[in-house]
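Sequential numbering from 97 applies to the sequence shown in our numbering. Just so you know, even glycine gets a beta-carbon here, dropped at the ideal spot from N, CA and C. What you are looking at is a predicted structure, and each value in this text was computed from that prediction instead of being measured.
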Amino acid sequence: MNEDKTQKLAKILEKLNNGEDSEKVKSEAKDFLATVSPLELSIAEQTLIENGLEPSALRHLCSAHMNMLEGNLGATKDKLALNHVIQTMIIEHDALLNFLTELEEINKAVQADKDAVISLEIINKLNSLAKKFLGAEPHHQREEQVLFPALEAVGVSGPPRIMKMEHVELRELKRRLRELSEVGPDLSVQEFKEELQLIAENLVFKLRDHIFKENNILYPTALKVITSEEEWATLKNECDKIGYCEFTPSENI
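Below, the structure written as C-alpha cells:
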C-alpha cells in the first residue's frame with residue numbers, strides 16, 4: 097500500500113476511535129476497505145503500529161473488514177468436505193475467535209472492577225483460557241509442517257514466512273497469559289490489571305489479524321494452487337499424524 101493510503105487509513109482510524117459522526121465514518125471506512133486487499137491492509141496496519149499506534153486503535157477497522165469478507169469465507173467453507181485440511185483449520189479459527197471474545201470480556205470486567213483483590217474466579221477463567229490458546233499448537237504444527245511446505249513447493253513462500261513469524265509472537269503472548277494466571281495472586285491489583293491489559297490488547301488484535309490473513313489470503317491461495325485431490329488426501333494423512341486440538345469438532349477430523 098502506498099504512503100497516501102496509509103495516511104488515509106490513519107485518519108479514518110482517528111475518526112473511528114473518536115466516535116466522530118459514527119455512521120458517516122463507518123461508510124468512509126467501508127469505501128476505503130473496498131479499495132485495498134487484505135494483504136495491503138495488513139501491511140498498512142503493521143506500519144502504523146511500528147510508528148506508535150496502539151493495536152487496540154485498529155479494532156473497529158479489523159471488525160469491519162472481517163464483516164465485509166465474511167460471505168467469501170462462508171462460500172469457501174460450503175465448498176469443502178467437513179474434514180478437508182482447510183475446512184478443519186477454518187473451524188479451529190472459529191473456536192479461537194470465540195476464545196478471544198471471552199478474553200476481551202474478562203479484561204473489560206477486570207479493568208472496570210474497583211475491588212482491592214483479583215478474584216480466584218477471574219484467575220481460574222484466565223488459566224482455562226490460556227490452556228485453550230496454548231492447546232492450539234497442533235493447529236500451528238499442521239500449518240508449519242504440512243500446509244506451508246506444500247505452498248512453498250509450488251513457489252508461494254511469502255505468506256507462509258510471515259505466518260510463521262507471527263506464530264512465534266503469538267506463542268509468546270499465550271505463554272505470558274498462562275504465566276499471569278499462575279502468578280496473578282502474587283501481584284498487586286494494579287500490576288495485574290496493567291499486565292492483563294497489555295497481553296489481552298495485543299493477543300486479541302494480533303491473533304484476530306493473523307486469522308483474518310490466513311482465512312482470506314493464505315487458505316484461498318492454497319486452494320487455488322493445490323488442485324489435486326490426491327495431494328490434498330496426502331496432506332490430510334500428514335495432518336492426521338500430527339493430531340488435532342482438544343476443541344476441534346470430531347466431525348472435522
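Asked	Found
DSSP three-state assignment for Phe343, whether helix, strand or coil	coil
Contact check, Gln183 vs Ile338, beta carbons under 7 angstroms	no
Straight-line Cα distance separating Leu105 from Val132	11 angstroms
CA-to-CA distance, Lys120 to Val74, given in whole angstroms	Residue 74 is absent from the model: the chain starts at 97 and stops at 349.
Range covered by the alpha helix (DSSP H) that runs through Pro256	Gly254 to Val279
Burial state of Gly280, where buried means 16 or more other Cβ atoms lie within 10 Å	buried
Given 8 angstroms, three or more beta-carbon pairs between the stretch 206–226 and the stretch 272–287	yes
Pairwise C-alpha distance: Ala232 and His189	9 angstroms
CB contact flag (Leu314, Val242, <7 angstroms)	no
Pick from Asp127, Asn312, Lys204 and Asp305 that is closest to Glu265, judged by C-alpha positions	Asp305
Inter-stretch contact at 8 angstroms, needing at least 3 Cβ pairs: the stretch 288–297 / the stretch 197–206	yes
Test item: CB-CB of Asn179 and Asn348 under 7 angstroms	yes
Val300 (DSSP reduced to helix, strand or coil)	helix
Thr252 vs Thr323 beta-carbon contact at 7 angstroms	Here the sequence assigns Val to residue 252, which means Thr is not the residue at that position. No, the pair does not count as a contact, with Cβ atoms beyond the cut-off.
Lys320, enclosing alpha helix (DSSP H) - first and last residue	Tyr315 to Val321
Coil, strand or helix - Val181 by DSSP	helix
Proximity winner among Val300, Leu269 and Leu192, relative to Cys341 (alpha-carbon distances)	Leu192
Status (buried if at least 16 other CB within 10 Å, exposed otherwise) for Ser346	exposed
Helix, strand or coil at Thr197 [DSSP, three-state]	helix
C-alpha gap between Ser277 and Pro234, whole angstroms	22 angstroms
CB contact flag (Val300, Leu176, <7 angstroms)	no
Residues of its chain near Ser303, where Cβ-Cβ distance is below 7 angstroms and the 5 sequence neighbours each way are ignored	As written in the sequence, residue 303 is Leu, which differs from the Ser given in the question. If we look at Leu303 and ignore the five residues flanking it on each side, its Cβ neighbours are Leu192, Leu196 and Leu266.
Proximity test, Cβ basis, 7 angstroms: Pro255 and chain B	No chain B is part of this structure, which consists of one protein chain only.
With 16 other Cβ atoms within 10 Å as the buried cut-off, status of Glu268	exposed
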